[in-house]
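If you read the sequence shown in the numbering used here, its first letter stands for residue 959, the second for the next number, and so on.
To start, the structure itself, in structure tokens.
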Amino acid sequence: MTEPRRFLGLETSCDETAAAVFTEEPRILSSVVASQHQVHAPYGGVVPELAARAHLRNLLPVIRNALTQADTRLEDLSAIAVHHRPGLVGALVVGVSAAKMLSVMLRVPLLGVSHLEGHVYASQLAAGRDIFPAVAVIVSGGHTQLMLARAADQLELLGQTKDDAAGEALDKAAALMGLGFPGGPAIEREAEGGNPKRFPLPRPLLHEGLDFSFSGLKTALLYTWQGLVRDQGEKAARLARPDLAASLQAAVADVITTKAIRALKQTGLNSLAVCGGVACNKRLRSQLEEATRKAGVALHIPPPSLCTDNAAMAAVSLERWRKGQFAPPDLDALPH
Ligand code: KG4
Ligand code: ZN
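Right, dumping it as structure tokens:
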């Protein structure tokens, strides 16, 4: 019996350097992620120039690790897949250049895929079966979008944020409250045992349409935090922080859950795929579970390791590979 073909996927769109080896079935043989959180933590957000430099340092060791863990040699690879859009251009260029070089050197096809399609595909990968057509919710540090997904690589925009992405709002709120970076996991930890009803934060655009807005929520949090510090002092404000973090998390989860259910009703679909870093959030996951159970809809959220940026999701390129839709040797890194 012939061995299934093997592929290398690369991801360098933001602040994770990642490589994965997967087969055409698909089966993920390895998925290695080197996080740059420590590089960006002092700045409270991702610094594009530092991200690009860290990718340069990390990418070759990460590729080597992914190949070793998958017991795969470079010569065993049938194609190289890379997320070439959207993202920070300087960061993307590192992965795209490496992918081009490997494709020329090994004389195998180059596959250029969208990071967003990769995120949506992660839900299918985790489910292990076809979950499309579905409504897809992408909630990450750079994006908050609702999509009609006919397939992972056939996405039609239904709604998106008019300002900040959900993860960006959580990152900024955490920085404001001195909780560190990345903010989403820090807020989640702080919110444990907190009272989500103590601070009535706004749920922007909750009752209308499929677009999102998180900047007003961020401002409301800023004023609440400043009011606490001013009226009660730093120490009391810090004691109120678990309640404030829980209230913020609840507001974000309410908005995302309500919009996702609205999109399902509008499209008549009964499958919901939720992906991106914010989809790791336990509060959001449990609200989505409850709402989809009530609505009789199948929910597909990958495990946290497949929600945050990784290269296993570059297996979305397999469809393109099957159709022979290879990328040109001068494939561009694109911000959008
Ligand atoms: O998908 P991702 O890894 O990178 C982008 O494509 O942006 O998402 C990163 C975002 C960050 O804003 C981070 O704070 C957020 O996902 N995040 C979380 C959690 N883990 C990561 N937000 C809420 N709860 C979490 N547990
Ligand atoms: Zn992402």
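Every residue gets a Cβ at the ideal spot worked out from N, C-alpha and C, and that includes glycine.
Buried/exposed call for residue i, threshold 16 Cβ in 10 Å
i, result
"A1092", "buried"
"R1087", "exposed"
"E983", "exposed"
"T944", "Look at the range of the chain in this structure, 959 to 1294, and you will see that residue 944 is not part of it."
"P1293", "exposed"
"P1261", "exposed"
"P1286", "exposed"
"P1140", "buried"
"K1281", "exposed"
"H1165", "exposed"
Residue interval of the alpha helix (DSSP H) (run including residue i)
i, result
"I1219", "S1173 to T1225"
"C1265", "P1262 to C1265"
"V1052", "V1047 to L1064"
"I1145", "G1141 to A1149"
"A1039", "Premise fails: A1039 lies in the beta strand (DSSP E), L1035 to R1043, not in any alpha helix (DSSP H)."
"A1124", "A1124 to L1134"
"L1068", "Run containing L1068: none in the alpha helix (DSSP H); it sits in the beta strand (DSSP E), L1068 to S1072."
Opening and closing residue of the beta strand (DSSP E) in which residue i lies
i, result
"E974", "E974 to T981"
"L966", "R964 to E969"
"E1114", "Q1112 to Q1118"
"R985", "Neither: R985 is in no beta strand (DSSP E) and is coded neither H nor E."
"R1022", "No beta strand (DSSP E) contains R1022, which is instead part of the alpha helix (DSSP H) from P1006 to Q1027."
"A1107", "T1102 to A1109"
Cutoff 8 Å: residue i Cβ touching any chain D Cβ
i, result
"G1099", "Included in the structure is just one protein chain, with no chain D present."
C-beta contact flag for residue i and residue j at 8 Å
i, j, result
"D973", "A999", "no"
"N1268", "A1084", "no"
"A1231", "V1078", "yes"
"L1137", "E1148", "yes"
"K1176", "A1109", "no"
"G967", "A1272", "yes"
"F1172", "D1122", "yes"
"L1168", "K1120", "no"
"A1012", "Q994", "yes"
"L1017", "V1051", "no"
"I1038", "G1234", "no"
Would you call the stretch 959-969 and the stretch 1253-1261 touching, i.e. three or more CB-CB distances under 8 Å? no
Can you find at least 3 beta carbon pairs, one from the stretch 1218-1231 and one from the stretch 1125-1133, that sit closer than 8 Å? no
Under 8 Å, with one C-beta from each stretch per pair, do the stretch 1032-1047 and the stretch 1058-1066 reach the 3-pair mark? Yes, they touch.
With three or more C-beta pairs closer than 8 Å as the rule, is the stretch 1140-1155 touching the stretch 1198-1205? yes
I want to know whether the stretch 984-991 touches the stretch 1070-1077 - three or more CB-CB distances under 8 Å. The stretch 984-991 is not in contact with the stretch 1070-1077.
Should the stretch 1155-1168 be regarded as contacting the stretch 1203-1214, the criterion being three or more beta carbon pairs within less than 8 Å? With a cut-off of 8 Å, the stretch 1203-1214 and the stretch 1155-1168 count as touching, because enough Cβ pairs lie within range.
Three Cβ pairs or more, each shorter than 8 Å: is that satisfied between the stretch 1242-1251 and the stretch 1042-1050? no
Return the chain-ordered ranges of every alpha helix (DSSP H) run that is complete within the stretch 1231-1285 and spans a minimum of 4 residues. Secondary structure remark: continuous alpha helix (DSSP H) runs of at least 4 residues inside the stretch 1231-1285, in chain order: 1240-1253, 1262-1265 and 1276-1281.
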